[in-house]
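In the working numbering, the protein residues as written are 2 to 91.
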């Protein structure tokens with residue numbers, strides 16, 4: 002089974018990536034970096050998805066920061082995460 006794991010280098014994604022071989026050894030997991038597929042760019046996402054067919058998408062990518070950054074930039078973080086989520090869903 003081919004799996005796309007977004008955010009595969011973040012805290013949650015890395016945990017899933019590290020555990021998956023023991024839980025699902027048949028999975029082939031792709032964890033593209035933002036330099037390969039910018040999730041904020043709809044064209045990048047569509048191009049990547051059309052050339053890499055997946056059976057499953059595990060979506061863990063997000064724009065995050067510490068408490069101070071979240072408090073200082075709530076609208077920006079929300080807007081970027083909504084864009085990322087919309088591009089993945091579409």
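Beta carbons: idealized from backbone N, C-alpha and C, even for Gly.
No experiment lies behind these values; they were computed from the predicted model shown.
**Prompt:** My guess is that residue 18 and residue 6 are in contact by the Cβ rule of under 8 Å, so how many angstroms apart are they, rounded?
**Reply:** 6 Å
**Asked** By Cβ distance, which residues of its chain are closer than 6 Å to residue 53, with the 5 residues on each side in sequence left out?
**Response** none
**Request:** Consult DSSP for residue 76 and reduce its assignment to one of helix, strand or coil.
**Result:** The answer is helix: DSSP assigns residue 76 an H, G or I state.
**Message:** Counting C-beta neighbours from all protein chains within 10 Å, is the total for residue 73 16 or more, i.e. buried, or is it exposed?
**Reply:** exposed
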